[in-house]
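Here's the structure, in structure tokens; my notes come after.
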Amino acid sequence: MNASADTRGTANPPPSNPIVVIPARMASTRLPGKPLADIGGAPMIVQVWRRAMEAEIGPVVVACAEPEIAAAVETAGGTAVLTRPDHPSGSDRIFEAVSLLDPEGKYDAVVNVQGDLPTIEPAVVRAAFAPLSDPQVDIATLVVEITREEERTDPNVVKAILELPPGARRGRALYFSRATAPWGDGPLFHHIGLYAYRRAALERYVRLPPSALEQRERLEQLRALAFGMRIDAAVVDAVPLGVDTPADLERARAILAKRTSL
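Residues are numbered in our numbering as their position in the sequence shown, beginning at 1, plus a constant of 3.
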């Protein structure tokens, strides 16, 4: 499929050759240089790479903006691709990396694991990939049922509005919002920003212009919905720890120290 093709209404075979790509850059306002922060004797980006490798979905590549991140990954035995430092999003960075690494299109799906999830369970990475087995799904992602009352109204907790029958563990995303939605009795779902794309869907997505609701809500995934792409979400049991602050870093160190002592 070329970059301008429309994925609406198409039926695609399940991806058979996926690749996992971890975007990483040094810039961080709350935790400068966090990809290289030490966790259990290894840089955080290396710990994320290890968790992604443990998922056993396919090869794992770090798409990085700076040479020092690439050096850390390669020293640990991993593969890194240097990308432009000025990408506006992780999706743009992973698309450049895959295009450089695989211009002939051998990999038919791309799993985007964020570079600040050093304690993520490999099963969660696999869960993000699973909805692409449906031939109608362009993009897959994850949600967790909200159990804390304050998160229902917190605009920093993005809600995924899903068509999800009672008891189901996978549903179609109809919208994403910072508002409390949907209305009425029933669960609310916290969206986790971990995605799996069909290769053609990723190429199409990064070439689309920003949508009006995307800019209003400040949620990039609304661009895909605005242009008719289908996103399905799998329900998982917990939100992975994202390391954004020194306190998060200490929690990640404690979690991995406990795992290695078992």
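Virtual Cβ for every residue (Gly too), placed ideally from N, Cα, C.
Looking only at C-alpha atoms, which of the options sits nearest to residue i?
i, options, result
"valine 161", "Leu135, Arg172, Pro168, Leu197", "Leu197"
"aspartate 89", "Arg262, Ile60, Ala66", "Ala66"
"glutamate 153", "Arg175, Pro138, Thr183, Pro168", "Thr183"
"valine 24", "Pro18, Thr32, Gly80, Ser94", "Ser94"
"alanine 204", "Trp186, Gly108, Arg262", "Gly108"
Could you check what DSSP says for residue i in three-state terms: helix, strand or coil?
i, result
"glycine 174", "strand"
"valine 209", "helix"
"arginine 247", "Checking the sequence, you will find aspartate at residue 247 rather than arginine. Looking at aspartate 247 - three-state DSSP - the assignment turns out to be coil, as it is neither helix nor strand."
"glutamate 166", "strand"
"valine 161", "coil"
"arginine 219", "helix"
"leucine 191", "coil"
Tell me which same chain residues have a C-beta within less than 7 angstroms of the C-beta of residue i, skipping the five on either side of it?
i, result
"glutamate 77", "Ala83"
"alanine 75", "Leu39, Pro46, Ile48, Val49"
"serine 92", "Glu223"
"proline 16", "Pro138"
"isoleucine 97", "Val24, Pro26, Ala66, Val113, Asn115"
Looking only at its own chain, which residues have a Cβ that is under 8 angstroms from the Cβ of residue i, when we skip the five neighbours before and after it?
i, result
"glutamate 148", "Pro190, Leu191, Phe192, His193, Val238"
In chain order, what residues of the same chain lie with their CB nearer than 6 angstroms to the CB of residue i, ignoring the 5 residues before and after it?
i, result
"arginine 256", "Ile42"
"aspartate 119", "Gly245, Val246"
"valine 140", "Pro134, Arg233, Asp235"
Legend entry - Uninterrupted alpha helix (DSSP H) stretches inside the segment 79-153 (no shorter than 4 residues): 93-104, 125-132
Inset, instruction - Give a yes or no on contact between the segment 228-243 and the segment 195-211, applying the rule of three or more CB pairs nearer than 8 angstroms. - result: yes
Inset, instruction - Please confirm if the segment 248-258 is in contact with the segment 30-40, defined as three or more CB-CB distances below 8 angstroms between the two stretches. - result: Contact between the segment 248-258 and the segment 30-40 is present: three or more C-beta pairs spanning the two stretches fall below 8 angstroms.
Legend entry - Ranges of the beta strand (DSSP E) found wholly within the segment 33-76, counting only runs of at least 3: 63-67
Inset, instruction - Could you say if the segment 52-66 and the segment 160-177 meet the contact criterion of at least three C-beta pairs nearer than 8 angstroms? - result: no
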